[in-house]
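To start, the structure under review is shown below, and the notes come after it.
Chains as they are written, first to last, in the numbering used here: chain A, 2 to 231; chain B, 2 to 231.
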C-alpha cells in the first residue's frame with residue numbers, strides 16, 4: 002500500500018515536469034515572464050495583487066500584465082480583480098481536475114488558450130491556498146513568490162519547509178496586525194534563513210500599502226530578466 | 002492523463018474508507034471517541050488545544066484525553082503540548098508517507114500502537130493545516146471540527162466548501178483580531194449556512210479565552226455520545 006502510494010506521486014511529478022517544460026517553451030516563445038504566487042488560505046494573495054496592480058487602475062507601468070486565478074471552485078478572486086485593467090482568467094481545480102489542492106502544469110496548460118500570451122509581458126498565477134502541494138508542482142514559471150501572514154505564526158518556515166524553500170521571494174504580509182498577534186519577526190526570519198539561506202524577503206501590509214511598492218518593483222523587474230536570458 | 006489521475010484518487014479514497022472502518026472498530030472496542038480537528042495553517046488549532054486541555058493542567062475534567070499531532074515534519078506542535086498532562090503522539094506525513102498534505106486512515110492506523118486506547122475516553126487528532134484534502138479522508142473519527150480564523154477572511158466557506166461541509170462543528174477563531182481585519186461575522190455565517198445548513202458553530206478567541214469553555218463542553222460531551230451509541 003505504502004510503496005504504491007509513493008510510486009503514484011513520483012509518476013505524477015514526472016508527468017508534471019514534462020508538461021511544465023512544454024509550458025515554459027510557450028512562455029519563452031511569447032516572451033512572457035511567469036510568476037507563481039503561493040500561500041496558505043487567507044494570507045492575502047488576492048488583496049496584495051489588488052494593491053500591486055490597482056494603483057491608478059493601470060497595473061505595473063510599462064509591463065503588460067495578466068492574471069491566472071487558481072481556486073478549487075468559484076470565481077470570487079477573479080471577480081475581485083475584474084475592476085482592474087488587466088486580463089484575468091479563472092481556473093477551477095474542481096472542474097474536471099478532481100478538486101485538486103494545487104495547480105499543476107497540465108491545469109495551467111489547459112488555460113493557455115484563454116490567455117493572449119503575445120499581448121503580455123508578465124503573467125501572475127495565483128495558486129490554490131495551500132502550504133504543502135503547490136510547492137511540488139512546477140508550472141513552467143520563472144519565479145515563485147510565497148506569501149506568509151503574521152497571523153499564521155512565526156513557526157511556519159519550520160513546519161512547511163518545502164514551501165519556503167521552493168520560492169525566490171518570501172513576502173511577510175499583514176504587518177499591520179503585528180501588535181495584535183504573538184509573532185516575532187526576527188524569529189520568523191531566523192527560521193526562514195535556516196530552511197532557505199539567503200532567500201529574498203519583503204515586509205508588507207497589503208491592507209495599509211506598506212511595502213507594496215517593493216513588491217511592484219520586484220515583479221516589474223522580472224520581464225527584462227527573462228528577455229536578457231532569452 | 003486526466004482520467005488516470007481521477008481513477009488514482011478514487012482508488013486511494015476507497016482504500017482509505019476500508020482502513021477508516023477498521024480504525025473505527027478499534028476505537029469502538031476501546032470505547033474511545035475520536036475527533037478530527039482541521040483548519041488552514043496557522044488558524045490556531047494547537048493554541049486552542051493548549052487552552053482547552055491546559056486549564057489546571059488537567060485536560061477535560063473526567064475525560065481521559067489523548068492527542069495525535071499530524072504534521073508534514075517536525076514536532077513543534079507536540080512539543081507545545083508536552084507540558085500538559087495528556088499523552089501526545091506525533092505523526093509526521095513526511096516520514097515514509099511522501100510528504101502528504103493531510104492525514105489519512107492508514108497514517109492514523111500506523112500510530113495506533115503508540116496510543117494506549119484503553120486508557121482514553123477521547124482522542125483528539127490535529128490534522129495537517131490544509132483546507133482541501135483533509136476533508137476527503139475519513140480516519141475513523143466520530144466528529145470533525147473545522148477551525149477558521151477571522152484573519153483568513155469571511156469568504157472561506159465559499160472557496161473551500163467541502164471542508165466546511167465535512168464537519169460537525171465550525172469554530173471561528175481569533176475573534177480578538179476582529180476590529181483589526183476586514184471580516185464580517187454575519188457574512189461569514191451566511192456563507193457557512195449556504196454551504197452547510199444548520200451546522201453548529203462557536204465564536205472563539207483561543208488567545209483571550211473567549212468561547213473556549215464552550216469548546217471544552219462540546220468535546221467533553223463526545224465520549225458519552227459514543228457510549229450511548231455502543
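Just so you know, even glycine gets a beta-carbon here, dropped at the ideal spot from N, CA and C. Predicted, not measured: the structure shown is a model, and the values here were computed from it.
Report buried or exposed for residue i, applying the criterion of at least 16 other Cβ atoms within 10 angstroms of its Cβ.
| i | result |
| --- | --- |
| residue 152(A) | buried |
| residue 72(B) | buried |
| residue 70(B) | buried |
| residue 2(B) | Because the pLDDT of residue 2(B) is 35, which lies under 50, any placement of that residue in the model is unreliable, and the question is left without a value. |
| residue 187(A) | exposed |
| residue 86(A) | exposed |
| residue 198(A) | exposed |
| residue 15(A) | exposed |
| residue 229(A) | A caution first: residue 229(A) carries a pLDDT of 47, below 50, which makes its placement in the model too unreliable to give a value. |
| residue 191(B) | exposed |
| residue 195(A) | exposed |
| residue 63(B) | exposed |
| residue 209(B) | exposed |
Does DSSP put residue i in a helix, in a strand, or in coil?
| i | result |
| --- | --- |
| residue 21(B) | helix |
| residue 202(B) | strand |
| residue 34(B) | strand |
| residue 1(B) | Past the edges of chain B, shown from 2 to 231, lies residue 1(B), and the structure says nothing about it. |
| residue 78(B) | helix |
| residue 151(A) | helix |
| residue 190(A) | helix |
| residue 72(B) | strand |
| residue 54(B) | helix |
| residue 120(A) | helix |
| residue 41(A) | coil |
| residue 144(A) | strand |
| residue 107(B) | helix |
| residue 169(A) | coil |
| residue 89(A) | strand |
| residue 127(A) | strand |
Identify the contact partners of residue i in chain B, using a Cβ-Cβ distance below 8 Å as the criterion.
| i | result |
| --- | --- |
| residue 150(A) | 43 and 152 |
| residue 77(A) | 156, 159 and 160 |
| residue 178(A) | 152, 178, 181 and 182 |
Interface residues of chain A around residue i at Cβ under 8 Å?
| i | result |
| --- | --- |
| residue 93(B) | Simply none; closest approach about 11 Å. |
So residue i contacts chain A; which residues on that side make the cut at Cβ distance below 7 Å?
| i | result |
| --- | --- |
| residue 102(B) | 102, 131, 133 and 134 |
Should residue i and residue j be called a contact, given that it needs their Cβ atoms to be closer than 8 Å?
| i | j | result |
| --- | --- | --- |
| residue 74(B) | residue 95(B) | yes |
| residue 193(A) | residue 200(A) | yes |
| residue 126(B) | residue 38(B) | yes |
| residue 220(B) | residue 92(B) | no |
| residue 89(B) | residue 115(B) | no |
| residue 138(A) | residue 112(A) | no |
| residue 149(A) | residue 171(A) | yes |
| residue 26(B) | residue 118(B) | no |
| residue 33(A) | residue 217(A) | no |
| residue 130(B) | residue 18(B) | no |
| residue 185(B) | residue 155(B) | yes |
| residue 31(A) | residue 141(A) | no |
| residue 55(B) | residue 175(B) | no |
| residue 128(B) | residue 159(B) | no |
| residue 100(A) | residue 163(B) | yes |
Find the residues of chain B that neighbour residue i, judging by a C-beta separation of less than 9 Å, and give them in chain order.
| i | result |
| --- | --- |
| residue 192(A) | In chain order: nothing, as chain B lies at least about 10 Å away. |
| residue 80(A) | Within 9 Å Cβ-Cβ: nothing; residue 80(A) doesn't reach chain B, min ~10 Å. |
| residue 73(A) | 132, 133, 160, 161, 162 and 163 |
Note down, in chain order, every chain A residue with its Cβ under 9 Å from the Cβ of residue i.
| i | result |
| --- | --- |
| residue 175(B) | 152 and 182 |
Does any heavy atom of the ligand PLP sit closer than 7 Å to the C-beta of residue i?
| i | result |
| --- | --- |
| residue 164(B) | Looking for the ligand PLP in the displayed structure turns up nothing, as the structure carries no ligands at all. |
Since I believe residue j is in contact with residue i (beta carbons under 8 Å), could you give me their beta-carbon distance rounded to a whole number of angstroms?
| i | j | result |
| --- | --- | --- |
| residue 132(B) | residue 66(B) | That pair is no contact at about 26 Å. |
| residue 173(A) | residue 223(A) | Their Cβ separation, rounded to whole angstroms, is 20 Å, which puts residue 173(A) and residue 223(A) out of contact at 8 Å. |
| residue 136(A) | residue 167(A) | 4 Å |
| residue 36(B) | residue 143(B) | 7 Å |
| residue 82(B) | residue 51(B) | 7 Å |
| residue 180(A) | residue 145(A) | Not really, about 30 Å apart at Cβ, beyond 8 Å. |
Taking Cβ-Cβ distances shorter than 7 Å, what residues in chain B pair up with residue i?
| i | result |
| --- | --- |
| residue 157(A) | 42 and 43 |
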